[in-house]
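Its first residue numbered 106, the sequence shown is counted upward by one per residue in this note's numbering.
Data first, discussion second: the structure below is written as structure tokens.
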Amino acid sequence: MAATLVLKSSRRSTDAATISATIHRIFRRHANVNGTNERLRSSVYLVALLLGLLLLATRTVAQEPAASARDAAMSERVDTLLEEQLRASGWPAAESCSDETFLRRAHLDLTGTLPAASEVVEFSRSVLADKRSRLIDRLVGSPAAASHLAQTWAGWMLPEQ
């Protein structure tokens, strides 16, 4: 089910200003340290620039939602591959979770933050069949998701201070 939701989450776009601001914030944090040599500062700036270009190149373009047979077939194939890998590894598949748990996990994974209490109540009361897909689409398209992704990559790629 999770793979299906991820594949359907490419309907929103992240604006270049958000990505640019995140890159500059990363650069200021990691490059403006006393005693940092010029070569390291240049490397940090280059990594931040490349990360920004990657985010711009892979940003999603707004499109009309369409549930085509091709999308369904691709989702089914991804789900099948994931199930095969789970069986091969010996790890049991996770059970379905409550709407509240799904909301919390999606927020933490995609934005690095917890949802507001009002959002938890609203999501719990919603009767829409595709509310989880809609949530993923909204979160992936949010500036918070772009910032969280940039911060996560920066943590992996940039040296510790």
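Think of the CB as a built atom: it goes at the ideal place given N, C-alpha and C, for glycine as much as any other residue.
Exercise for review: Find the nearest neighbour of residue 220 within the set 205, 201, 251, judged by alpha-carbon distance.
Suggested key: 205
Point to revise | Residue closest to residue 211, alpha-carbon to alpha-carbon, out of 246, 258, 192 | key: 246
Practice item. State the CB to CB distance for the pair residue 225 and residue 244, rounded to an integer number of angstroms; the pair is presumed to be in contact (CB under 8 angstroms). Key: Contact flag wrong, Cβ pair sits at about 14 angstroms.
Check your understanding: To which residues of the same chain is residue 217 closer than 6 angstroms at the C-beta, ignoring the five residues directly before and after it?
Key -> 253
**Study point:** Simplified DSSP state of residue 107, which is helix, strand or coil
**Key:** Caution applies to residue 107, whose pLDDT of 36 falls short of 50 and renders its modelled position unreliable; the value that the coordinates give is listed next. Helix, per DSSP.
Review point. So, is residue 237 buried or exposed, given that buried needs 16 or more other C-beta atoms within 10 angstroms?
Key: buried
Check your understanding: Is residue 213 buried or exposed, if buried means 16 or more other CB atoms sit within 10 Å of its CB?
Key -> exposed
Check your understanding: If you check the beta carbons only, do residue 191 and residue 198 fall under 7 angstroms apart?
Key -> yes
Exercise for review: Give me the Cβ distance between residue 215 and residue 250, rounded to the nearest whole Å; I'm assuming they're in contact under 8 angstroms.
Suggested key: 5 angstroms
Check your understanding: Could you give the uninterrupted runs of the alpha helix (DSSP H) lying entirely in the segment 172–257, keeping only those of 4 residues or more?
Key -> 174–194, 204–216, 222–230, 236–245
Review point. Using the beta-carbon count (16 or more within 10 Å), is residue 242 buried or exposed?
Key: buried
Review point. How would you label residue 176, buried or exposed, when you count the other beta carbons within 10 angstroms and need 16 or more for buried?
Key: exposed
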